[in-house]
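Just below is one structure, and these are the notes that go with it.
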Amino acid sequence: LTKCGVQPDSRVSSHLFFTTADTSQSPSLAVLVQLYVARCYHIWKESELLPWLERNVHTVLDRVDKKDPYVSDCEAKRSKRYPKLPPNLHRHIILSDIKDVTCSEVGFCLITVGEFEYYTSDLGQRINF
Numbered sequence: 595l596t597k598c599g600v601q602p603d604s605r606v607s608s609h610l611f612f613t614t615a616d617t618s619q620s621p622s623l624a625v626l627v628q629l630y631v632a633r634c635y636h637i638w639k640e641s642e643l644l645p646w647l648e649r650n651v652h653t654v655l656d657r658v659d660k661k662d663p664y665v666s667d668c669e670a671k672r673s674k675r676y677p678k679l680p681p682n683l684h685r686h687i688i689l690s691d692i693k694d695v696t697c698s699e700v701g702f703c704l705i706t707v708g709e710f711e712y713y714t715s716d717l718g719q720r721i722n723f
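Using this note's numbering, read the sequence shown as starting at 595 and increasing by one per residue.
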């Protein structure tokens with residue numbers, strides 16, 4: 595919402611479901627969220643989409659407040675997704691060089707041998723680009 599220049603209403607900005615979202619996801623999923631926001635935020639700035647987004651955010655909060663089992667199921671799935679960033683996404687982030695996306699996950703090292711540079715995984719496997 596910050597990237598879109600939108601100020602959420604008090605229910606959204608103070609609700610635990612959204613205020614704890616960043617701390618309840620894996621670092622890899624956080625990187626994917628950063629990548630999505632960096633690539634797509636301009637789409638969400640369309641004035642026709644904002645009322646739709648607001649309605650759906652409140653629908654989600656209604657379900658959360660009613661302790662809908664589907665919300666718990668989604669939270670459980672979300673907590674297990676992307677325990678480690680897949681190599682192809684890590685590679686994409688590095689090559690894209692998007693300033694808003696940071697990937698601090700250790701697992702790849704840039705190695706220079708002579709005039710050639712390549713990445714290796716933390717398992718010692720060479721990764722060709």
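Glycine included, C-beta positions come from ideal geometry on N, C-alpha and C.
Would you mind giving the Cβ-Cβ distance between Ile687 and Val625, rounded to the nearest angstrom? I have them listed as a contact below 8 Å.
Mapped onto the sequence shown, residue 687 falls at position 93. Mapped onto the sequence shown, residue 625 falls at position 31. So it is a contact: roughly 7 Å between Cβ atoms.
Thinking Leu655 and Arg605 are a contact (beta carbons under 8 Å), I'd like their distance in whole angstroms, please.
For the purposes of this step, residue 655 is identified with residue 61 of the sequence shown, where counting begins at 1. For the purposes of this step, residue 605 is identified with residue 11 of the sequence shown, where counting begins at 1. Confirmed, Cβ separation roughly 7 Å.
I think Val695 touches Leu644, with their Cβ atoms under 8 Å apart; what is that distance to the nearest whole Å?
Taking the first residue of the sequence shown as position 1, residue 695 is located at position 101. Taking the first residue of the sequence shown as position 1, residue 644 is located at position 50. That pair is no contact at about 24 Å.
Please state if the CB of Ser673 and the CB of Ser618 are separated by a distance shorter than 8 Å.
Working through the sequence shown from its first residue, we reach residue 618 at position 24. Working through the sequence shown from its first residue, we reach residue 673 at position 79. A contact, by the Cβ cut-off of 8 Å.
To which residues of the same chain is Trp638 closer than 6 Å at the C-beta, ignoring the five residues directly before and after it?
What you label residue 638 is simply residue 44 of the sequence shown in a count that begins at 1. Within the same chain, Trp638 has close Cβ partners Cys598.
Can you tell me the Cβ-Cβ gap for Ser620 and Tyr676, rounded? I've got them flagged as a contact below 8 Å.
Counted from its first residue, the sequence shown places residue 620 at position 26. Counted from its first residue, the sequence shown places residue 676 at position 82. Contact holds; Cβ gap of about 6 Å.
Looking at the structure shown, is Ser620 part of a helix, part of a strand, or coil, going by DSSP?
In the sequence shown, counting from the first residue as 1, residue 620 sits at position 26. It is coil, neither helix nor strand.
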